[in-house]
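Reading through the structure tokens given below for one structure.
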Amino acid sequence: MKEADNFFEKVYQVARQIPFGKVTSYGAIAKYLGAARSARMVGWAMNNASSQREEIHAHRVVNRKGLLTGKHHFSGTNVMQQLLESEGISVIDHQIQDFEKVFWDPIKELPEIF
DNA sequence: ACCATGACGTTTC
DNA sequence: CGAAACGCCATGG
């Protein structure tokens, strides 16, 4: 374990930039960081997000299908869904409804963080 | 150094 | 159209 690498840090930054009521996918973030083939690494970064002092909106980050695959990484089981529903996002059976409507692409919305 | 795993994604059957 | 396999890359054993 090392301190947050630049890659991880970027992931966290993007995750924090996700606006209220919006979500994004690991692949989108990975691609934005230039590591489209390392989508899994993004998930890994999220796992390591617990090490981050700042709270990462991991619940706003889902896979490309809009499925809350990483929900069991949260404290409880329905915590992630509750958070998303609190933001006006409909979640049924760990699946985000109208995913394309609430989808927030960093590449399209953010030219570049730095 | 090699094998196994994982909060993913794309292609193929 | 749905399920399975493969690919990618980093971390752990």
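Counting from 1209, one number per residue, gives the positions in the first sequence under the numbering used here.
Think of the CB as a built atom: it goes at the ideal place given N, C-alpha and C, for glycine as much as any other residue.
Report buried or exposed for residue i, applying the criterion of at least 16 other Cβ atoms within 10 angstroms of its Cβ.
i       : result
Pro1227 : exposed
Lys1218 : buried
Ile1300 : exposed
Could you work out which residue in the options is closest to residue i when comparing CA atoms only?
i       : options                               : result
Glu1262 : Val1222, Gln1305 and Asp1306          : Val1222
Glu1295 : Gly1229, Val1219 and Asn1214          : Gly1229
Lys1273 : Lys1218, Pro1319, Gly1235 and Arg1224 : Gly1235
Leu1291 : Glu1308, Ile1264 and Lys1316          : Ile1264
Leu1275 : Arg1224, Asp1213, Phe1216 and Thr1232 : Thr1232
Gln1303 : Gly1251, His1267, Glu1320 and Leu1318 : His1267
Glu1317 : Asp1213, Tyr1240, Tyr1220 and Met1288 : Tyr1240
Asn1255 : Ile1297, Tyr1220 and Asn1214          : Tyr1220
Got a sec, what are the start and stop residues for the alpha helix (DSSP H) residue i sits in?
i       : result
Asn1256 : Ala1247 to Asn1256
Ser1294 : Val1287 to Ser1294
Gly1235 : Tyr1234 to Tyr1240
Pro1227 : No alpha helix (DSSP H) contains Pro1227, which DSSP labels as neither H nor E.
List the residues that DSSP assigns as beta-bridge partners of residue i.
i       : result
Thr1277 : Partner(s): none; Thr1277 has no beta bridge.
Phe1311 : Val1231
Gln1303 : Leu1275 and Ile1300
Could you check if residue i belongs to the surroundings of the ligand ATP, using beta carbon to heavy atom distance under 7 angstroms?
i       : result
Asn1271 : Among the components modelled here there is no ligand, and therefore nothing to report on the ligand ATP.
Taking 8 angstroms as the threshold, find out whether the region 1311–1320 comes into contact with the region 1275–1295 through three or more Cβ pairs.
no
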